[in-house]
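Encoded as structure tokens, the structure appears first; notes follow it.
Residue numbers (the working numbering), protein chains in the order written: chain A, 13 to 562; chain B, 328 to 411.
This is the structure:
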């Protein structure tokens with residue numbers, strides 16, 4: 013992992029001191045809320061429905077065991093004993109008191125963590141594949157590049173007041189596990205002639221105007237990556253709309269001026285940027301690569317692992333669902349589900365966070381990851397330790413073997429917490445997980461994504477089944493989309509029709525799943541394949557109880 | 328926080344002062360809106376059910392009651408080991 017330098021540490025200390033003074037002035041009334049708001053947002057402090065919320069950056073979703081333990085401590089000392097892991101690989105604390113937030117930021121700084129640029133119209137946390145560095149199918153570990161971009165973008169003087177927030181993701185696997193086409197800039201690391209190169213997708217994003225990103229630059233060398241990012245952001249910074257925040261994202265600019273013109277504008281300034289670019293920053297990547305070297309993974313006997321797989325059905329089922337092959341033989345990556353049936357997706361108690369930190373220290377090289385699907389990953393686990401891991405997770409209520417299944421759903425905080433939400437998400441997710449618990453293995457992989465408003469933090473546009481909660485004349489109302497998907501063939505779901513009230517929604521889903529089980533060609537045809545093969549029409553009929561014309 | 332009849336800020340909706348007219352409520356809202364202390368003021372529509380004051384809109388009901396009671400299985404001894 014990247015270790016903070018003395019410069020980094022001093023920078024954070026200064027920011028904490030500055031923020032402490034700002035909070036003090038707010039509490040004495042010297043600053044009004046209007047004056048204070050931009051200052052707190054620069055430090056990740058939002059105001060939600062019930063309380064302030066602090067969003068803490070977890071760069072590219074990578075945490076050390078010590079950092080996870082520190083987050084547990086923060087949740088107990090200054091919050092309500094839990095944290096919420098988000099779809100952008102961050103963690104949110106929902107109940108901090110304003111007066112305590114400087115102390116929290118100081119505690120974070122001691123962990124080499126912060127909340128800078130987790131809000132505001134800046135470049136947000138760079139996200140990546142939760143299996144980075146361990147994935148069998150990756151061209152290279154994307155994390156050094158993500159850290160490189162983090163260092164370049166943090167406190168970048170030109171990009172602190174962009175027209176709107178800006179999100180970057182990097183993926184380096186054959187399979188895109190970082191949603192690169194749903195980001196303002198999505199970077200895909202691919203094999204080049206002699207070294208990995210980047211394909212750069214621009215203008216993706218969900219929200220109220222969902223757009224799949226467009227490939228604008230292909231085969232960009234590592235040396236020219238940051239200049240390309242700077243050029244793209246400069247064009248956006250100059251030409252992006254600032255008069256209407258709903259039309260301010262880069263996707264709207266790209267749509268308005270067109271791909272050709274956008275590329276032309278970038279290419280016009282790119283040579284100047286390359287020429288003037290700080291070569292020290294380019295050279296820093298080499299040092300970063302060593303920070304992310306794969307730990308030494310000693311060879312281990314796997315006989316006990318196979319014995320357990322063959323003799324313990326619970327363990328076998330958990331392995332089948334939650335364990336991913338590793339690039340090194342004899343090792344695996346474990347996805348720890350934060351979605352036990354009925355739990356708020358992505359929430360972890362302090363005890364659970366500590367248990368995960370202990371486990372990571374004991375068998376996982378002290379490293380953890382947060383996935384955009386709101387789970388925790390132990391990236392490097394010897395197969396011979398998997399039974400031990402399973403037992404420990406069981407004790408903490410973390411051994412739910414549901415990764416990729418229906419109950420492994422994404423839900424934004426929704427109206428239970430969020431000031432922007434128009435409906436609740438969490439109870440809908442809970443009810444769905446409980447209702448179909450007995451059926452989910454029969455249904456197989458289904459991605460359900462729930463958002464509590466059109467800002468789409470729950471990624472509903474790209475779910476096999478997307479659920480969008482709205483306020484219809486004072487009643488929560490849920491619209492369904494079908495056929496969305498993530499990956500390099502990402503697609504936006506198709507809206508099925510009028511929304512449902514909460515009780516109607518569950519009955520509609522009953523009919524939807526009944527139709528799927530009847531229409532699929534066999535148990536190996538997953539939900540998304542059946543929808544692709546038949547189109548959404550028969551499922552739409554099922555949702556709205558329209559008799560099948562056939 | 329809700330405004331009570333003495334213009335003090337209280338946590339329970341049940342303790343809030345109920346205005347009978349929008350005009351009166353708006354006038355008081357302007358009066359108590361001290362920018363040094365107050366983040367923002369919204370008027371909330373309520374109804375009386377028996378003797379209980381309840382918010383008319385579900386958003387305000389959630390604001391008044393707090394989020395759902397989402398407990399952790401590990402804290403209640405209901406560890407989820409369902410992997411079948």
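All residues carry an ideal CB built from backbone N, CA and C; glycine is no exception.
What you are looking at is a predicted structure, and each value in this text was computed from that prediction instead of being measured.
Span of the beta strand (DSSP E), counted from its first residue to its last, around residue i
| i | result |
| --- | --- |
| residue 218 of chain A | Taken as a continuous stretch (DSSP letters only), residue 218 of chain A belongs to no beta strand (DSSP E), as it is neither H nor E. |
| residue 12 of chain A | Residue 12 of chain A lies beyond the residue range present for chain A, which begins at 13 and ends at 562; the question has no answer from this structure. |
| residue 481 of chain A | 477-484 |
| residue 76 of chain A | 74-76 |
| residue 25 of chain A | That residue, residue 25 of chain A, is in no beta strand (DSSP E); its alpha helix (DSSP H) goes 18-39. |
| residue 343 of chain A | 343-348 |
| residue 95 of chain A | 94-97 |
| residue 360 of chain A | 359-361 |
| residue 337 of chain A | 335-337 |
Per-residue burial, residue i [other beta carbons within 10 Å of its own, 16 or more giving buried]
| i | result |
| --- | --- |
| residue 323 of chain A | exposed |
| residue 525 of chain A | buried |
| residue 374 of chain B | exposed |
| residue 54 of chain A | buried |
| residue 360 of chain B | exposed |
| residue 19 of chain A | exposed |
| residue 372 of chain A | buried |
| residue 183 of chain A | buried |
| residue 114 of chain A | buried |
| residue 405 of chain B | Note that residue 405 of chain B scores a pLDDT of 43, beneath 50, so its modelled location is shaky and nothing firm can be said. |
| residue 403 of chain A | exposed |
| residue 40 of chain A | exposed |
| residue 535 of chain A | exposed |
| residue 377 of chain B | exposed |
Own chain, CB closer than 7 Å to residue i, minus 5 neighbours either side, in chain order
| i | result |
| --- | --- |
| residue 547 of chain A | none |
| residue 191 of chain A | 181, 384 and 498 |
| residue 257 of chain A | 176 |
| residue 311 of chain A | 342 |
Cα-Cα separation, residue i to residue j
| i | j | result |
| --- | --- | --- |
| residue 528 of chain A | residue 539 of chain A | 7 Å |
| residue 332 of chain B | residue 386 of chain A | 45 Å |
| residue 544 of chain A | residue 341 of chain B | 53 Å |
| residue 165 of chain A | residue 172 of chain A | 9 Å |
| residue 369 of chain A | residue 129 of chain A | 26 Å |
| residue 380 of chain A | residue 75 of chain A | 5 Å |
| residue 502 of chain A | residue 341 of chain A | 31 Å |
| residue 282 of chain A | residue 170 of chain A | 16 Å |
| residue 37 of chain A | residue 43 of chain A | 6 Å |
| residue 83 of chain A | residue 388 of chain A | 14 Å |
| residue 439 of chain A | residue 178 of chain A | 30 Å |
| residue 408 of chain B | residue 414 of chain A | Bear in mind that a pLDDT of 40 at residue 408 of chain B, under 50, signals an unreliable position, so the number given afterwards is only what the model happens to contain. Each residue's Cα considered, the two are about 10 Å apart. |
| residue 411 of chain B | residue 411 of chain A | Interpretation of residue 411 of chain B is limited by its pLDDT of 31, a score under 50 that renders its predicted location unreliable; no figure is taken from the coordinates. |
| residue 299 of chain A | residue 14 of chain A | 10 Å |
| residue 103 of chain A | residue 382 of chain A | 9 Å |
| residue 318 of chain A | residue 186 of chain A | 28 Å |
| residue 9 of chain A | residue 137 of chain A | Here chain A has residues from 13 to 562 only, and residue 9 of chain A is not among them. |
| residue 291 of chain A | residue 97 of chain A | 36 Å |
| residue 338 of chain A | residue 149 of chain A | 9 Å |
Cβ separation of residue i and residue j, assumed to be a contact under 8 Å, to the nearest whole Å
| i | j | result |
| --- | --- | --- |
| residue 343 of chain A | residue 395 of chain A | 7 Å |
| residue 209 of chain A | residue 197 of chain A | About 15 Å separates the two Cβ atoms, so there is no contact after all. |
| residue 421 of chain A | residue 351 of chain A | 7 Å |
| residue 225 of chain A | residue 139 of chain A | Residue 225 of chain A to residue 139 of chain A, Cβ: 14 Å. No contact. |
| residue 399 of chain A | residue 332 of chain A | Contact doesn't hold; Cβ gap of about 14 Å is too wide. |
Where the alpha helix (DSSP H) through residue i begins and ends
| i | result |
| --- | --- |
| residue 245 of chain A | 237-251 |
| residue 542 of chain A | 539-546 |
| residue 321 of chain A | 315-323 |
| residue 158 of chain A | 155-165 |
| residue 441 of chain A | 438-447 |
Closer than 7 Å: residue i CB and nearest the ligand ADP heavy atom
| i | result |
| --- | --- |
| residue 540 of chain A | The model on display carries no ligand, and the ligand ADP is accordingly not part of it. |
Nonlocal neighbours in the same chain, by C-beta distance under 8 Å from residue i, ignoring five residues either side
| i | result |
| --- | --- |
| residue 277 of chain A | 247, 251 and 269 |
| residue 513 of chain A | 487, 488, 489 and 490 |
| residue 254 of chain A | 175 and 260 |
Cutoff 6 Å; reference residue i; Cβ partners in own chain excluding five residues on either side
| i | result |
| --- | --- |
| residue 380 of chain B | 340, 341 and 373 |
| residue 237 of chain A | 210 |
| residue 517 of chain A | 490 |
| residue 347 of chain A | 334, 387, 389 and 415 |
| residue 495 of chain A | 505, 506, 543 and 548 |
| residue 346 of chain B | 352 |
| residue 11 of chain A | For chain A, the structure presents residues 13 to 562; residue 11 of chain A sits outside this window and is missing. |
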